[in-house]
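This report refers to the structure that appears directly beneath it.
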Amino acid sequence: MSRLKAFRRVLEQYADVADFVLVYIEEAHPLDGWASSDAPYQIPKHRCLEDRLKAAQLMHREVPGCLVVADGMENSSNAAYGAYFDRLYIVQDARVVYQGSRGPEGYRISELRKWLDEYRHRADGGDSPRNVVVHE
-12 MSRLKAFRRV
-2 LEQYADVADF
8 VLVYIEEAHP
18 LDGWASSDAP
28 YQIPKHRCLE
38 DRLKAAQLMH
48 REVPGCLVVA
58 DGMENSSNAA
68 YGAYFDRLYI
78 VQDARVVYQG
88 SRGPEGYRIS
98 ELRKWLDEYR
108 HRADGGDSPR
118 NVVVHE
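Per this note's numbering, the very first residue in the sequence shown carries number -12; after that it's consecutive.
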């Protein structure tokens, strides 16, 4: 949640060249687990899909205009993307073209900005299709 403001700024800055999707996975610091005192929301462990969907709705409030989806309780998106708990991806034509390192240490919004800047430059020159999908 703490990185959502920076992600929202990227979403606003690059909406012309990318579609953004936030995949909400299991809570990194649940209230009834490894809690964080500086977390903006106190979210308990998800016991069912309804719990996870409620938490995803909180995320959506933080990034209006971004498609927010929730991983299922079997955590298949988390496993497939190795997100545990923050990770940035860019997918183009059903292929991963940018894979950020695992967060929180490897979550580098500056790398995402650099990739999108380079992509925008190529697209403006006619060398690239006009849209990519950014997963957070």
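Each residue gets a CB set at the ideal place from its N, CA and C atoms; glycine is no exception. Predicted model, so just to flag it, every value in this text is computed and none were measured.
Pick from the options: whose alpha carbon is nearest that of residue i?
i: R82; options: L45, Y68 and D19; result: Y68
i: N65; options: I12, I77 and V(-3); result: I12
i: G52; options: E98, L103 and L9; result: L9
i: E92; options: D6, W102, V78 and R74; result: R74
i: D38; options: L54, E49, M60 and R48; result: M60
i: V78; options: F7, R34, A70 and V55; result: F7
i: S88; options: F72, S63 and L103; result: F72
i: H33; options: L54, N62, V55 and A2; result: N62
Could you spell out where the alpha helix (DSSP H) holding residue i opens and where it closes?
i: R39; result: L36 to E49
i: I96; result: I96 to D111
i: A66; result: S63 to Y68
Between which two residues does the beta strand (DSSP E) containing residue i stretch?
i: Q202; result: Here the chain has residues from -12 to 123 only, and residue 202 is not among them.
i: F7; result: A5 to Y11
Could you tell me whether the Cβ atoms of residue i and residue j are closer together than 8 Å?
i: V125; j: R95; result: Any answer about residue 125 is impossible in this case: the structure gives the chain only from -12 up to 123.
i: L40; j: Y28; result: no
i: L(-2); j: V50; result: yes
May I ask you to list the residues that DSSP assigns as paired with residue i?
i: A15; result: Per DSSP, none; premise fails for A15.
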